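Engineer: Right, I'll just put the structure down here and ask away after.
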Amino acid sequence: MKQNAERKTQDAERNAQDAGRRTQDAFEPKIVAFLCNWCSYAGADLAGTSRKQYAPNIRIIKVPCTGRLDPIVLIKSFEMGADGILVSGCHPGDCHYRSGNYLARRRWMIFNEMLQFIGLEQDRVQFSWVSAAEGGKFVDVVNKITEDIKKLGPAKEYNAS
Amino acid sequence: MLDKLKQRIKELLTNKIVNCVIGYEQGDNPTLARPVYITKPNEAERLVYNEYCIPILAKYILKPEVRSLKLEAGKIGIIAKPSDVRALVGLIQEKQIIREDVYIIAVGRKEDFPKIYDEIIETPLSELDAKRKTQDAEQLKQIAEFEKKTPEEKRAFWQREFDKCIKCYACRQICPLCYCRVCIADKNQPQWIPPMPNSGGNFSWNMIRAYHLAGRCIDCGECERACPVDIPLMMLNKKIQQMIKEKFDYQAGLDPEVPPPLSTYQEDDKEKFII
Chain A
7 MKQNAERKTQ DAERNAQDAG RRTQDAFEPK IVAFLCNWCS YAGADLAGTS
57 RKQYAPNIRI IKVPCTGRLD PIVLIKSFEM GADGILVSGC HPGDCHYRSG
107 NYLARRRWMI FNEMLQFIGL EQDRVQFSWV SAAEGGKFVD VVNKITEDIK
157 KLGPAKEYNA S
Chain B
3 MLDKLKQRIK ELLTNKIVNC VIGYEQGDNP TLARPVYITK PNEAERLVYN
53 EYCIPILAKY ILKPEVRSLK LEAGKIGIIA KPSDVRALVG LIQEKQIIRE
103 DVYIIAVGRK EDFPKIYDEI IETPLSELDA KRKTQDAEQL KQIAEFEKKT
153 PEEKRAFWQR EFDKCIKCYA CRQICPLCYC RVCIADKNQP QWIPPMPNSG
203 GNFSWNMIRA YHLAGRCIDC GECERACPVD IPLMMLNKKI QQMIKEKFDY
253 QAGLDPEVPP PLSTYQEDDK EKFII
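Protein chains in written order, with my numbering: chain A, 7 to 167; chain B, 3 to 277.
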């Protein structure tokens, strides 16, 4: 009898804990990360081979160069249910194609401000430079954006589905 | 002034300097002027020029019918308002037309035009232009006011506006710089922009339209005029113009020799948001 009662209280405690964890972690954001083939993707790879832990919320899409990334791709991601977007490329001066990231930077300058004018939260779309040697920075960036977007909550407004 | 214009166009057509002139003729009612192609000297009598001559004519220079006329011989003449000339500058800059193929007959005040016209018929500031100038100033004030709002309010405002969109693409059809043969909105594999007028798709379309005109919009205001549901498209366009001016010190439609700001770069472009 005593054992049964103990087990019951244990079960109740465990259930309460589970419920608490479920509500606390109810929102796991979907974050799409567009990484350039030459720097940031290699940086992510380095983070992996160095056995570093980072938030599992990002879905990596490899692109040849950030200069290839049309903003419509970012908008499409929101439309298809992304809660946040990370775009990452080579540091200025390091582009494999010499000028891709410079061109991309200009576009982001306009696009980023445009998104704010429309009223999108500033942290929803984030941009970074991560080189192939910066596995640690990649981990930091991913953790930061995941935290930011968890705070913001899901992006329902522009979801077309 | 109209007589002078007709006279001049007759001369140009008789002397074979141009073989077609794009101008305006009287529309179906007195408050309507519609674009017309004049190819014979005696047809010049059909021309009108008044405060109802609003539609942008630079758009027509890219039509296949007009292009084929140009192939025969001679230039294409165009009766141009300041916005038309700015649009032509944009088209020359982007290699859509060759400067030598067009003969620009500017109508208006000298100081309003970029210096690429072939001849000018000077008129005082028209009522329409004066009205447009006050509207511009108002809109800039409106933007400054709007920028003070919180993201939630901004989002609510644009969502309300974009929800009106019926995806008729009139803004694209009228825009002198939207010249793609196959627009991204018409592509269906992959389908970048959903054809249904729902909130997600409307957001995509309006954002992409504005973005594709970043650094190219020549501020003619035709998209907003054409919009059947009155979305304040120029508010977005003007905001982007401001950004371009501020960041890259560039204004579209002034000099065909300068490359557009988003197809070039400086190594020391300043930004603060990239981590």
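We put the CB at the ideal spot given by N, CA and C, even for glycine.
Values in this document were obtained by computation on a predicted structure and should not be read as measured data.
(1) Please say whether Ala35/B and Glu47/B have beta carbons closer to each other than 8 Å?
(2) Where does Leu126/A sit, in a helix, a strand or coil, going by DSSP?
(3) Output, in chain order, the set of chain A residues within a Cβ distance shorter than 8 Å of Arg157/B.
(4) Could you give the first and the last residue of the continuous alpha helix (DSSP H) run that contains Ser94/A?
(5) Against chain A, with Cβ distances strictly below 8 Å, would Glu273/B count as a contact?
(6) Where does Arg48/B fall in DSSP's three states?
(7) For Asn72/A, count neighbouring Cβ atoms within 10 angstroms of its own Cβ and tell me buried if that reaches 16, exposed if not.
(8) Under 8 Å between C-beta atoms, does Ser46/A make it to chain B?
(9) Does chain A have any CB closer than 8 Å to the CB of Glu140/B?
(10) Could you have a look at Gly29/B and say whether DSSP puts it in helix, strand or coil?
(11) Measure from the C-beta of Met3/B to each C-beta in chain A and report whether the shortest distance is under 8 Å.
(12) Any Cβ of chain B within less than 8 Å of the Cβ of Asn118/A?
(13) Might you give, ordered along the chain, the residues of its own chain that have their beta carbon closer than 6 Å to the beta carbon of Ile246/B, omitting 5 neighbours on each side?
(14) Could you name the residues of chain B that Phe1/A contacts, counting a contact when the two beta carbons are closer than 7 Å?
(15) Assuming His97/A contacts Trp135/A (C-beta within less than 8 Å), just tell me the rounded distance between them.
(16) Please specify which runs of the alpha helix (DSSP H), each continuous and at least 4 residues long, are wholly inside the segment 218-277 of chain B, giving them in chain order.
(17) Distance check for Pro153/B and Glu127/A, CA to CA, integer angstroms please.
(18) Where does Ser70/B land, buried or exposed, given buried means 16+ other C-beta within 10 angstroms?
(19) Where does the unbroken beta strand (DSSP E) through Gly159/A begin, and where does it stop?
(20) Determine, using beta carbons only, whether Tyr267/B comes closer than 8 Å to chain A.
(21) If we call anything under 8 Å between Cβ atoms a contact, is Cys177/B one with Cys229/B?
(22) Could you work out which residues of chain A lie near Ser85/B, taking near to mean beta carbons separated by less than 7 Å?
(23) Could you pull the DSSP bridge partners for Arg65/A from this structure?
(24) Taking C-alpha atoms, which residue in Arg65/A, Leu92/A, Gly54/A lies nearest to Ile277/B?
(25) Of all the CB atoms in chain B, is at least one closer than 8 Å to the CB of Glu153/A?
Structural biologist: Looking at the atomic coordinates:
(1) It is not a contact, given that the beta carbons lie outside the stated cut-off.
(2) coil
(3) Within chain A, the residues near Arg157/B are Ile124, Gly125, Leu126, Glu163.
(4) Taken as a continuous stretch (DSSP letters only), Ser94/A belongs to no alpha helix (DSSP H), being part of the beta strand (DSSP E) at 90-95.
(5) Output row for Glu273/B: interface = yes.
(6) helix
(7) In the sequence under discussion, the amino acid at residue 72/A is Thr, which differs from the Asn named in the question. By the neighbour-count rule (16 or more Cβ atoms within 10 Å), Thr72/A is buried.
(8) no
(9) no
(10) coil
(11) no
(12) Closer than 8 Å: yes.
(13) Gly217, Tyr252, Pro263
(14) Lying outside 7 to 167, the shown extent of chain A, residue 1/A is not represented and no answer is given.
(15) 4 Å
(16) 224-228, 235-250
(17) 6 Å
(18) exposed
(19) Here Gly159/A belongs to no beta strand (DSSP E), and DSSP marks it neither H nor E.
(20) Tyr267/B counts as touching chain A.
(21) no
(22) Per Cβ cutoff of 7 Å: no residues; Ser85/B is ~22 Å from chain A at best.
(23) Val38/A
(24) Leu92/A
(25) no
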